[in-house]
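Quick note: the sequence shown uses my numbering, first residue 1, plus one each step.
A virtual CB, placed ideally from N, CA and C, is assigned to each residue, including glycine.
Just below is one structure, and these are the notes that go with it.
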Amino acid sequence: MFKTPKLMPFLAGTAALAAIVGWSPSVLSDDTTLAELGERTHFHGVAVAGDDPSLIYLATHHGLYGVAPDGSARLISDHEDDLMGFTAHPDDPRVLFASGHPAQGGNLGFIVSKDHGRSWQKRSDGLNGPVDFHQMDVSKADPDVIYGAYRGLQRSTDAGHRWEMMGPLPDGLIALAGSSTDADAVYAATQGGLLRSADAGRTWHRIHPAPQPATKVHVTPGGDVYAFMAGIGLLRASEPELDWQSVSGFDGWFILHLASDPTDPDTLYAVTMDPRTRAQALRESRDGGRSWSRFGDGQAEAPDGPAGSTLAGER
1 MFKTPKLMPF LAGTAALAAI VGWSPSVLSD DTTLAELGER THFHGVAVAG DDPSLIYLAT
61 HHGLYGVAPD GSARLISDHE DDLMGFTAHP DDPRVLFASG HPAQGGNLGF IVSKDHGRSW
121 QKRSDGLNGP VDFHQMDVSK ADPDVIYGAY RGLQRSTDAG HRWEMMGPLP DGLIALAGSS
181 TDADAVYAAT QGGLLRSADA GRTWHRIHPA PQPATKVHVT PGGDVYAFMA GIGLLRASEP
241 ELDWQSVSGF DGWFILHLAS DPTDPDTLYA VTMDPRTRAQ ALRESRDGGR SWSRFGDGQA
301 EAPDGPAGST LAGER
């Protein structure tokens, strides 16, 4: 079973991971492989192309890549900027949102692509910016509502043109997710557990009793809420009841980023990291997260991860 203290160095923010692991800062080839990407850069986000589910977007330290089922990867973006925050429009497959750092340094602000990630334009500096949203997500209930974390929780209600400060960030914030039923509802995965706000981030309350770190929360357009918690594994609930159920346990690795196929809600993609080896991988599930294989090589894995542990269960 995971010992929570082992996870804490990784949960202070993924910005430090590249320095910890020692990924090369050298420029990657435009045409490469998923395996090469995993060794040379860091994965900051994942999404499924809504009009071509065979294409998986990977936001990386060196731009946006597209990955195919055969494991081939190609640079899509017209830049190699560090995309720390990344999310896809839930209804328009052409539109992607991001934030992070230009390759030459500084902050990108809030940027948008309207052509499947090829070209990008700054839409706003955000508040106290240019912002560098490490955590951000678009509401599935209203795609004009976007949440981002930078010197507090910021929210836009006009697709990122103007922003307002909603309040301080939850302690130990790791990930954000917008609700599918209410544009004012937002979830937070934190080092102290899983939280939800019903008032656009002004106040928060716990929605799962476990105090373990939650490294990811993700909401599908259909209203499924997935969360990964250290020592417990992958959980799923439905909005608005949030009746949590254990899906699978992961003793050998944990989920940093998660995406669902908009055409098939049982197909999930996860960016995972093994805290013992610090190796990252892209994994795929075709059964709602119960079993997984490494995307691009077809190697199936047990649902409890490479270490073969049993599901710890909810606390």
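Span of the alpha helix (DSSP H) around residue 37 = For residue 37, the enclosing alpha helix (DSSP H) stretches over residues 34–40.
Can you tell which of 159, 175 and 221 has the C-alpha that lies nearest to the C-alpha of residue 215?
-> 175
Rounded straight-line distance, which links the Cα of residue 45 to that of residue 59 = 5 Å
Is the number of C-beta pairs between the stretch 60–80 and the stretch 188–207 that are closer than 8 Å three or more?
-> Cβ pair count under 8 Å is below three, so no.
Helix or strand or just coil, what does DSSP make of residue 76?
-> coil
Name the DSSP beta bridge partners of residue 166, please?
-> Beta-bridge pairing links residue 166 to no other residue.
Rounded to a whole number of angstroms, what is the C-alpha to C-alpha distance between residue 65 and residue 73?
-> Their backbone Cα atoms lie some 6 Å apart in a straight line.
Please list, in chain order, all residues of the same chain as residue 185 whose beta carbon is under 6 Å from its beta carbon, the five residues on each side excluded.
-> 179 and 198
State the beta-bridge partners of residue 229 as determined by DSSP.
-> 214 and 233
Just tell me which of 265, 279, 49 and 229 has its CA closest to the CA of residue 238.
-> Nearest Cα to residue 238 within the set 265, 279, 49 and 229: 265.
Go through its chain and collect everything with a Cβ distance to residue 234's Cβ below 6 Å, but skip five positions before and after it.
-> 228, 247, 248 and 289
Got a sec, what are the start and stop residues for the beta strand (DSSP E) residue 124 sits in?
-> Note, residue 124: beta strand (DSSP E), 121–124.
When we look at the beta-carbon of residue 205 and count the other beta-carbons within 10 Å, is it buried (16 or more) or exposed?
-> An exposed status is given to residue 205, since fewer than 16 other beta-carbon atoms sit within 10 Å of its beta-carbon.
Relative to the C-alpha of residue 70, which residue among 34, 258 and 155 is closest?
-> For the options 34, 258 and 155, the alpha carbon positioned closest to that of residue 70 is the one of 34.
Thinking C-beta only, is residue 177 closer than 7 Å to residue 145?
-> no
May I have the straight-line CA-CA distance separating residue 222 from residue 261, to the nearest angstrom?
-> 11 Å
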